[in-house]
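Written below as structure tokens is the structure these notes are about.
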Amino acid sequence: LTNRTGGNALSAVSTTTVSAGTNYQFNFLVNINDQASIGTLSLPLTIKYQTTTGLNGISIDKDINVHISGRSFLKLTSSTQILLPGESNTVEFIILNAGTANTGSIDLSLTIPSPLTLLGSDNKWQFSSLNPDKQTSISVSLFAPISTAGNNYQITATMVYDNTYGTKITETRTIFLRVSEITNKGIAVVNTFWGSSNNEISVEPGDNSVKLNVVIQNRDIGPISGIQGKLLSNNQFSASNGVSSLTGFFGSTVPSGSTSSADFLVDVSNNIELGKYNLQLDFSYLDKDSILRTEIVKFSVIVNGKSDIELKIKNNILTSGTENDLIIEVSNIGTAPAYSVSLSVSYGSSSGILGTFLEDNTRKINHLLTNEKLSLSFPTYVSPNAQKGLYPITIVVEYRNINGLQKIISQEFGVIVKDWSSPLSINIPDNVLQSGRITTPLINLANTGDNDISDISIDLQFSTGQSSILPIFLNSGSNTWKFNKLSSGDSLTLDPEIFASLNAADSSSIVQVHISYIDSHGFPHDEIRTIGFTIRGLIDLTYKSVDFDRDILPAGYNGTIVGNLLNQGNTDAQFLSISILSGDGLILSSDSTQYIGEVNADSLIPFSLKFTVDENARDGITPLVIQVMYEDTYGNKYMNANSFDFLIGGSLSDLQPIIIEESSTTSAFLSSPIAIIGVGAFVILLTIFILRRRSSKQPF
């Protein structure tokens, strides 16, 4: 720091009395050397004063700190000073911080004088902080009309930022740009596109009769007229009418700097590849002096292909009352990519019947390349009230083609709604009930679907038939079963105890199975199934009064087992036969089997079966098994076997009769009436004794 008034010290004198408790300010003017560093300086300060009585006070020496913070200084330059008339000019503006301090964020605005036009953006930009000796830039497009040729124009830049103290600083800079003079340039092709100005299109190999629009500009110093352009055919592009060239007319008179256009119908070769191609136009026209002039102008066109979006529905059969996975396949079968693809599903008149979850009916794709195919899923719920039939849906695809133009495709599809198919299957291994008895049939419920179900409730409801008397009913327990979950492929079993009444024999009865559950999507379902039972009469065979002809049977003895079969059921047993089965110690014969035939309900049939005790049989208790075979009225065959024990002991010799010579008196006595009456009474008493003994035997 140096003294701006000379010397190496600065002095200031107060001309007033500084009262106690008041402040006084001294100002010093200094120069800061341009080589000074940014930072803090410590300077010695000496204060001398006098009291109000005129006495000199004690000097005060104190160091004070001075901070050199630097200053921002923005400079503006441009990449060019010359603009071309009738063209869009790219100009780069460069901002340099030539100061010694950082700036805050910079707000830049450009003032472009008319008739210059700023293209492609507005006139405002924002930059982050700019450090000393650092620069940033913007690139703008300025169009200079033909009328601006030879003129100078001032561009004004206003830059607003905060300095290091937070103070807002505004700096203004100006730059002069000059539009060059027009020389005699004739005709220039300034733009080409396929289609029309309000509907530009893309082309691909093999397109025929495609409109090519060529825009020219008159860059002569005066108007031109009678402009005719001849487009020459080549291997890639040819005239749609088959001639070697196409002629286009570009208007009667085109002023200097103005534009005009003409259309050419072109066939694009099948063998061409995507890319840029050069074409040639041969022009003839009259200049401002009506002199015929000709020019050859070469220009380029682009064959960039076309996006061609194809839509398919992979599964168009939906099930009512469930959430269905609607799969839409979108593919690009064209020759150019599609960008920013958005695919939406709308249901139109089908709304309320069909719908996506939470209105999630749009999918977005960044790009869809050539020959790329994607499958998009739309979980679609179908109302349980939906009728079977065909329902319309609309798929809308929005995308940008390779030229950046927005395209929209809308296509309607039909989806078929079918009735919901239950995942449950019911199976009853044996659906026969016995009348007059309690039967426990097994009812198997299987989940044959692909997903689990939960909160299952099963209720059995019995039919009364034509009368109020239930032919079958639940004998005990609740008619409702509840289960938490039934996984896919699993099954559960109900085992109700069902009683069938006696008068229901030879009939059938149905039971309604009410099933409620929740599917894997959280939707409730109620089903009613009907199962049928056949009620058959009961054949209940019981043995009565079964006995052997002797209590103890010796080896080699020809024995007999006698008894009765009682049918305690309510229907007849048919084709009944009773047999002794082969066993240890038994020798059987044809008399060991007896055919009885029919045993009516509640009837008693006697039987008598013979057998021989094997001579080698050992003494002791031996079982004898009797087998009964019969059929019911439906032709079903039945067989049961029961075992009866007998005792083997003694010998046949013990059973040989003893012959005793009768005296005549004895014979006379036995032949007398008194003897005959006595013997008869003995036989009667013996028969009563045997019957009582047999009736005391218990049936098997």
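In this note's numbering, the protein residues as written are 137 to 836. Built from N, CA and C at the ideal position, the CB exists for glycine as well.
Leaving out the 5 sequence neighbours to the left and right, which residues in its chain are closer than 6 Å to residue i when beta-carbon positions are compared?
i	result
Val-647	Leu-596, Phe-598 and Ile-667
Thr-247	Thr-292
Ser-590	Lys-621 and Ile-654
Ile-469	Asp-444 and Glu-446
Asn-563	Asn-580
Val-339	Trp-330, Val-346, Val-404 and Val-439
Leu-504	Asn-468, Ala-474 and Val-477
Val-362	For the sequence presented, residue 362 should be read as Gly rather than Val. Cβ within range, chain order: Tyr-421 and Leu-422.
Phe-514	Leu-462, Val-481 and Thr-492
Phe-400	Leu-348, Leu-367, Leu-382 and Gly-384
Ala-636	Leu-569, Ser-571, Ile-608 and Ile-671
Ignore the nearest five residues each way along the sequence and tell me which others in residue i's own chain have a CB closer than 7 Å to its CB.
i	result
Thr-707	Ala-641, Gly-673, Leu-674, Ile-675, Ala-737, Asp-768 and Thr-769
Gly-838	With the chain running from 137 to 836 in the structure shown, residue 838 is simply not present.
Gly-721	Val-749, Asp-750, Ala-753, Thr-758 and Ile-784
Thr-300	Ser-205, Ala-237 and Asn-238
Leu-724	Ile-716, Ser-718 and Phe-747
Ile-408	Pro-341, Gln-372 and Val-439
Mapping DSSP to helix, strand and coil, what is residue i?
i	result
Leu-674	coil
Pro-835	Its pLDDT being 37, under 50, Pro-835 is placed unreliably by the model, and nothing is read from it.
Asp-444	coil
Leu-806	Because Leu-806 sits at a pLDDT of 49, beneath the cut-off of 50, its placement in the model cannot be relied upon, and the following sentence gives the value as read from the coordinates. Reduced to three states, the DSSP call for Leu-806 is helix.
Thr-284	helix
Glu-495	helix
Asp-727	helix
Asn-238	coil
Asn-169	coil
Leu-252	coil
Asn-639	helix
Leu-606	coil
Gly-733	strand
Gly-484	helix
Ser-557	coil
Ser-789	helix
Arg-829	At Arg-829, the pLDDT of 43 sits below 50, so the modelled position is not reliable; the number obtained from the coordinates is stated separately. It is helical.
Gly-362	strand
Ala-474	strand
Ser-155	coil
Phe-164	coil
Leu-246	strand
His-657	coil
Asp-591	strand
Glu-336	strand
Leaving out five residues before and five after residue i in sequence, what residues of the same chain have Cβ atoms less than 8 Å from its Cβ?
i	result
Asn-225	Thr-216, Leu-219, Ser-277, Leu-278, Phe-279 and Ala-280
Ile-732	Leu-701, Leu-712, Ser-713, Ile-714, Ile-741 and Phe-743
Leu-638	Ser-571, Gly-572 and Asn-706
Ser-214	Val-227, Glu-228, Phe-229, Ile-230, Ile-291, Ile-311 and Leu-313
Ser-603	Residue confidence is low: Ser-603 scores 48 on pLDDT, short of 50, so the model does not pin down where it sits. Its coordinate-derived value is still stated next. Taken in chain order, the list of residues that qualify is empty.
Pro-690	Val-749, Ile-784, Gly-785, Gly-786, Ser-787, Leu-788, Asp-790 and Leu-791
Gly-484	Pro-528, Ile-529 and Thr-530
Of all the options the options, which has the alpha carbon lying nearest to the alpha carbon of residue i?
i	options	result
Thr-138	Tyr-679, Asn-159, Asp-170 and Val-154	Asp-170
Leu-165	Ser-265, Ala-172, Ser-147 and Asn-354	Ser-147
Ala-472	Thr-530, Thr-506 and Ser-614	Thr-506
Ser-420	Val-433, Ile-408, Gln-186 and Leu-462	Val-433
Ile-230	Lys-442, Ser-485 and Ser-275	Ser-275
Gly-387	Ala-398, Asn-452 and Ile-168	Ala-398
Leu-417	Tyr-185, Asn-159 and Gly-365	Gly-365
Pro-577	Phe-609, Gly-625, Gly-550 and Leu-191	Phe-609
Gly-847	Pro-268, Thr-182, Pro-565 and Leu-724	Beyond the ends of the chain as shown, which are 137 and 836, falls residue 847; an answer cannot be given.
Leu-181	Phe-782, Ser-173 and Asn-163	Asn-163
Thr-455	Gln-523, Tyr-289 and Val-735	Gln-523
Asn-452	Ile-697, Gly-550 and Glu-465	Gly-550
Gly-488	Gly-457, Lys-500, Arg-499 and Gly-190	Gly-457
Glu-307	Gly-235, Ala-636, Asn-288 and Asn-334	Gly-235
Quick check for students: name the residue ranges of the beta strand (DSSP E) that lie wholly in the region 172–229, counting only runs of 3 or more. Counting only runs of 3 or more, we get 175–183, 196–204 and 210–214.
Taking 8 Å as the cut-off, does the region 548–558 touch the region 613–632 (at least 3 CB pairs, one atom from each stretch)? The region 613–632 makes no contact with the region 548–558: fewer than 3 CB pairs, one atom from each, lie closer than 8 Å.
For the region 514–523 against the region 532–541, are there 3 or more C-beta pairs whose distance is under 8 Å? Contact fails: fewer than three Cβ-Cβ distances are below 8 Å.
Taking the runs of the beta strand (DSSP E) that are 3 residues or longer, which of them lie wholly in the region 374–425? Within the region 374–425, complete beta strand (DSSP E) segments of at least 3 residues are found at 381–385, 395–404 and 411–422, given in chain order.
Which parts of the region 690–770 are runs of the beta strand (DSSP E), unbroken and 3 residues or longer, counting only runs that do not cross its ends? DSSP runs (the beta strand (DSSP E)) wholly in the region 690–770: 694–703, 709–716, 729–735, 740–749 and 756–767.
Can you check the region 496–533 for any beta strand (DSSP E) of at least 3 residues that lies completely inside it and give the ranges in chain order? The qualifying runs are 498–504 and 509–518.
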